[in-house]
Amino acid sequence: MARNRPYTCGLDAAIDVVGGKWKATVLWMLEDQGPLRFGELRRQIPAVTEKMLIQQLRELEADGLVHREAYHQVPPKVEYSLTDYGRTLEVALRPLGEWGHANMARIEATHA
């Protein structure tokens, strides 16, 4: 997606791309499970609305992180997968996920 501002640092640029409530989770699921259909992604992230998931997937696709493959068949089939560029985020997301897992009880307690 085209951005209309200069970035102040690398973290600013990274958050601009993966920021959003569900983007990191979508990337995590696609990294962990490989290509997934829309319905499969929706079931993996039950708290996300269909509208929001569509929006997040479109933005990730526009940023070149996710590939959308439409199969011309009946019924229609669409799969989402990470691009090579999207897979480069694994080295950044994995430590963040591990940190979240290690601190989940504390995070849940402070956000209760």
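Just so we're aligned, residue 27 is where the sequence shown starts under my numbering, counting upward by one. For every residue, glycine included, the Cβ atom is placed at its ideal position computed from N, Cα and C.
query, result
"Ordered list of alpha helix (DSSP H) runs contained in the region 30-88, each at least 4 residues", "36-44, 49-59, 64-70 and 76-88"
"Meets three-Cβ-pair contact criterion under 8 angstroms: the region 86-96 and the region 41-58", "yes"
"Whether residue 67 touches residue 108 by CB criterion (8 angstroms)", "no"
"Burial state of residue 59, where buried means 16 or more other Cβ atoms lie within 10 Å", "exposed"
"Beta-carbon proximity check, residue 104 vs residue 120, cutoff 8 angstroms", "no"
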